[in-house]
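Engineer: Okay, so the sequence shown: first residue is 1 according to the UniProt record's numbering, each after it adds one.
This is the structure I want to talk about, given as structure tokens.
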Amino acid sequence: MEYRFGNCRVSVLTERLLRLEYDESRVFEDRPSQFALDRRFPEPCCSVEFRGGRLDLRSDGCHVIIGGGLELETFTDGLSWHSGQKLNCLGGTARTLDNADGAIELEPGIFSREGVGLLSDDSLLFGADGELQPRRPGTRDIYLFLYGRQFERGLRDFYRLSGRPPLLPRFALGNWWSRFWPYTTEEYLELMERFAAEGTPFSVAVLDMDWHLTRVPEGYSGWTGYTWNRELIPEP
Numbered sequence: 001m002e003y004r005f006g007n008c009r010v011s012v013l014t015e016r017l018l019r020l021e022y023d024e025s026r027v028f029e030d031r032p033s034q035f036a037l038d039r040r041f042p043e044p045c046c047s048v049e050f051r052g053g054r055l056d057l058r059s060d061g062c063h064v065i066i067g068g069g070l071e072l073e074t075f076t077d078g079l080s081w082h083s084g085q086k087l088n089c090l091g092g093t094a095r096t097l098d099n100a101d102g103a104i105e106l107e108p109g110i111f112s113r114e115g116v117g118l119l120s121d122d123s124l125l126f127g128a129d130g131e132l133q134p135r136r137p138g139t140r141d142i143y144l145f146l147y148g149r150q151f152e153r154g155l156r157d158f159y160r161l162s163g164r165p166p167l168l169p170r171f172a173l174g175n176w177w178s179r180f181w182p183y184t185t186e187e188y189l190e191l192m193e194r195f196a197a198e199g200t201p202f203s204v205a206v207l208d209m210d211w212h213l214t215r216v217p218e219g220y221s222g223w224t225g226y227t228w229n230r231e232l233i234p235e236p
């Protein structure tokens, strides 16, 4: 279920999840993205009409008014919010726990005290051949979550849109060994033999950094890469 007006397209995915697109060229995007893998949902039950150049949408517990520049007014389960008003977000996840000591700042999530969440999708798009492609300039791709305090329902639809994260394999829940150290092949094999001899119950052993090249030209990051350091590991 979608509606177009001006440079906007509004796709009603569920009674409480909308996709809002703005495209100056009015060529809207249907390809999956790294975030939104599957936008196919059952037909939602809602009423939609245009009033004064704005889209007025009503559904189960929700009322949304959308202007031609994606200006928003939302009324969700007795809570209200409008564009320009601060969202008191309840927080999402954190990408990393590096250098964390105690509480850490979370990235924005899909729930707030105002009952709505906004997620801007600027991830790459999948072409027909499966290759990733950049987005066209002059576009915006926003998901509006209107779940109020229905957190479980909101997360369920979020994962249906983005794809469910895979379960960890059982071995990943065991003991891990990882040390930031430039091991050679011989040193690492000796270490594994020592663990076995002493009955140390490790499920996973990780070569931290120096398995790949870390001394790289200035301007690049030595924290990543896929070129084996054959001085340490000549036959990977």
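Note that beta-carbon positions come from the ideal geometry of N, C-alpha and C, so glycine has one too.
Could you tell me if VAL12 is buried or exposed, where buried requires 16 or more neighbouring beta carbons within 10 angstroms of its beta carbon?
Structural biologist: Within the sequence shown, residue 12 is the residue found at index 12, counting from 1. It is buried - the Cβ of VAL12 has at least 16 other Cβ atoms within 10 Å.
Engineer: Just reading off the beta strand (DSSP E) that THR76 is part of, what are its end residues?
Structural biologist: Against the sequence shown, residue 76 aligns to sequence position 76. Looking at the DSSP string, the run of the beta strand (DSSP E) that includes THR76 is 72-76.
Engineer: Can at least three beta-carbon pairs, one atom from the region 170-182 and one from the region 194-206, be found at a separation below 8 Å?
Structural biologist: The region 170-182 is in contact with the region 194-206.
Engineer: Would you mind stating whether LEU125 and ARG31 have Cβ atoms separated by less than 8 Å?
Structural biologist: Residue 125 sits at position 125 when you count from the first residue of the sequence shown. Residue 31 sits at position 31 when you count from the first residue of the sequence shown. A contact, by the Cβ cut-off of 8 Å.
Engineer: Beta-carbon within less than 6 Å of SER47's beta-carbon, same chain only, minus the 5 sequence neighbours each way: which residues are those?
Structural biologist: By one-based count along the sequence shown, residue 47 stands at place 47. Only ARG58 meet the Cβ criterion.
Engineer: Buried or exposed: where does LEU173 fall if 16 or more other Cβ atoms within 10 Å of its Cβ makes it buried?
Structural biologist: Reading the sequence shown from its first residue, position 173 is the one you call residue 173. Classification for LEU173: exposed.
Engineer: Can you give me the start and stop residues for the beta strand (DSSP E) that PHE195 sits inside?
Structural biologist: As a first step, residue 195 must be located in the sequence shown, where it is residue number 195. That residue, PHE195, is in no beta strand (DSSP E); its alpha helix (DSSP H) goes 185-197.
Engineer: Taking DSSP as the reference, what is the three-state secondary structure of LEU13?
Structural biologist: Here residue 13 is taken as the residue at index 13 of the sequence shown, counted from 1. The answer is strand: DSSP assigns LEU13 an E or B state.
Engineer: Thinking GLY91 and GLY67 are a contact (beta carbons under 8 Å), I'd like their distance in whole angstroms, please.
Structural biologist: One-based indexing of the sequence shown puts residue 91 at position 91. One-based indexing of the sequence shown puts residue 67 at position 67. The pair is not a contact, with the Cβ atoms about 28 Å apart (cut-off 8 Å).
Engineer: Pull the bridge partners of ILE65 from the DSSP assignment, please.
Structural biologist: For the purposes of this step, residue 65 is taken as the residue at position 65 of the sequence shown. According to DSSP, ILE65 bridges with ASP56, GLU73.
Engineer: Give the DSSP bridge partners of LEU144, in chain order.
Structural biologist: The count along the sequence shown starts at 1 and reaches residue 144 at position 144. Paired residue(s): LEU18, LEU118.
Engineer: Taking 8 Å as the threshold (beta carbon to beta carbon), is TYR143 in contact with chain B?
Structural biologist: Structure shown: chain B not included; a single protein chain is present.
Engineer: Three-state secondary structure (DSSP) at ASP23?
Structural biologist: Within the sequence shown, residue 23 is the residue found at index 23, counting from 1. It is a strand residue.
Engineer: With DSSP run on the structure shown, which of helix, strand or coil describes ALA36?
Structural biologist: Numbered from its first residue, the sequence shown carries residue 36 at position 36. Looking at ALA36 - three-state DSSP - the assignment turns out to be coil, as it is neither helix nor strand.
Engineer: Would you call THR76 buried or exposed, if buried means 16 or more other Cβ atoms sit within 10 Å of its Cβ?
Structural biologist: Stepping through the sequence shown from its first residue, residue 76 is reached at position 76. Under this definition THR76 is a buried residue.
Engineer: List the DSSP bridge partners of ASN88.
Structural biologist: As a first step, residue 88 must be located in the sequence shown, where it is residue number 88. Answer is none; ASN88 lacks a bridge partner.
Engineer: Taking the DSSP output, what are the residues bridged to THR139?
Structural biologist: Residue mapping note: residue 139 aligns to position 139 of the sequence shown, counting from 1. Answer by DSSP bridge pairing, in chain order: ASP23.
Engineer: Would you identify the three-state DSSP class for TYR159, choosing helix, strand or coil?
Structural biologist: The sequence position of residue 159 within the sequence shown is 159, counting from 1. In this structure, TYR159 counts as helix in the three-state DSSP scheme.
Engineer: Give me the DSSP bridge partner(s) of ASN175.
Structural biologist: On the sequence shown, residue 175 is found 175 positions in, with the first residue counted as 1. ASN175 is bridged to PHE202.
Engineer: Which value, in whole angstroms, describes the spacing of the CA atoms of PRO165 and TYR159?
Structural biologist: For this step, residue 165 is matched to residue 165 along the sequence shown. For this step, residue 159 is matched to residue 159 along the sequence shown. Cα to Cα, PRO165 sits roughly 8 Å from TYR159.
Engineer: Look at the alpha carbon of ARG149 and the alpha carbon of GLY115, and state the distance between them as a whole number of angstroms.
Structural biologist: Numbered from 1 along the sequence shown, position 149 holds the residue referred to as residue 149. Numbered from 1 along the sequence shown, position 115 holds the residue referred to as residue 115. So the two alpha carbons sit approximately 7 Å from each other.
Engineer: Between the beta-carbon of GLU21 and the beta-carbon of GLU29, is there less than 8 Å?
Structural biologist: One-based indexing of the sequence shown puts residue 21 at position 21. One-based indexing of the sequence shown puts residue 29 at position 29. Contact: yes.
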